[in-house]
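Taking numbering that gives the first Met the number 0, the leading residue of the sequence shown gets 0, the next gets one more, and so forth.
The C-beta atom is built at its ideal place from N, Cα and C for all residues, glycine as well.
Here the structure is laid out as structure tokens; the discussion comes afterwards.
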Amino acid sequence: MITAGLVMLKVRGGILIGIIVTTLIGLVIKDPATGMAVTQLAHNDAGALQLVSLPHSVSPIFCQFEFHNILTWDMLVVVFTFLFIDMFDTMGTIIGVHQGAGLIDKGNDEIPGVEKMFLADSIATVCGACLGTSTTTTYIESASGVGEGGRTGLTAFSTTVCFALALFLSPIFLSIPSAATAPALIVVGVMMMPSIKTIHWEDYCKSIPAFLTIILMPVAYSISDGILIGVIAYVLTHAIAGRFKEISVPMWVLAVLFILRYIFI
């Protein structure tokens, strides 16, 4: 309600202020399950409050590749699993954020420069893997910046600088509880919902796959699973209705691949 109130009152930086205020409130409110404060501040070995720390060395995980597994079935399964997850998570995020920002070309429903976005995401994924991290991909949290008015590459660059600083201020950022960040995503979700009005709800061949896509993303906790099931449902609903001409060849191929994915992976 704090974050929602600030956003409704059009307070500049309302989402960020909401996170900070909620984090501070968490210092005096205890979690019933643990009996500890919701916001846990970091302390050093001497028991003193710790606000700054040096980043750990990445040498133990840097370029630790298992080349002896590169031609195995397990490796193939892992590669295709991460391919689908990364590609469709990125696709869903890019579309959602651009719709929220009003940056989609309404003339042809295309996203300008989408190839560059996928290229940047791919490079980040490869670099992240070499550094031993989990997949570095495009995240839906970017929509919170769009909600505050971010529209250009300067927003992304500024965020990058803040992430670099966060390497040294990690004790502070790690103290922020999910109870403080979740409201930001809820408000962002509200900002993105108006785009559903463009769905042709009266055409069940399109509305059923769209509904499955929307509902499965939060239920399955995966953007990619929502999109995969949506594509399969789109092909099946049109095939059952006999509307084969509306199903393109790539959609048939994707549907078959996605079904095989759920069978074998």
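Where the alpha helix (DSSP H) through isoleucine 207 begins and ends: Annotation for isoleucine 207: the continuous alpha helix (DSSP H) segment containing it runs 203 to 218.
Just to confirm before moving on: does the CB-CB distance between glycine 13 and leucine 26 stay below 8 Å? no
Scan the stretch 87 to 167 and note each continuous alpha helix (DSSP H) run of 4 residues or more that stays entirely inside, going in chain order. Counting whole runs of 4 or more residues, the stretch 87 to 167 contains the alpha helix (DSSP H) stretches 113 to 129, 141 to 146, 152 to 165.
Straight-line Cα distance separating isoleucine 94 from threonine 158: 20 Å
Tell whether a beta-carbon distance below 8 Å holds between threonine 134 and aspartate 73. no
Beta-carbon gap between phenylalanine 167 and valine 51 smaller than 8 Å: Contact flag set, yes.
Would DSSP call leucine 48 helix, strand or coil? strand
Buried or exposed for methionine 192, going by 16 or more other Cβ atoms inside 10 Å? exposed
Based on the DSSP output, what are the partners of valine 196 in its beta bridges? Residue identity check: residue 196 is lysine in the sequence provided, not valine. DSSP output for lysine 196 lists no bridge partner at all.
By DSSP's criteria, lysine 29 is part of a beta bridge. Which residues make up the other side? Ala36
By Cβ distance below 7 Å, which residues in the same chain neighbour alanine 165 in space, the five residues on each side in sequence not counted? Excluding positions up to five away in sequence, the list reads Phe172.
Should leucine 211 go down as buried or exposed, given a rule of 16 or more other Cβ atoms within 10 Å for buried? buried
Where does histidine 237 fall in DSSP's three states? helix
Using beta-carbon positions only, say whether methionine 190 and glycine 101 come within less than 8 Å of one another. no
Threonine 137 and threonine 92: beta carbons closer than 8 Å? yes
Would the stretch 26 to 45 and the stretch 191 to 206 be scored as touching if the rule is three or more Cβ pairs under 8 Å? no
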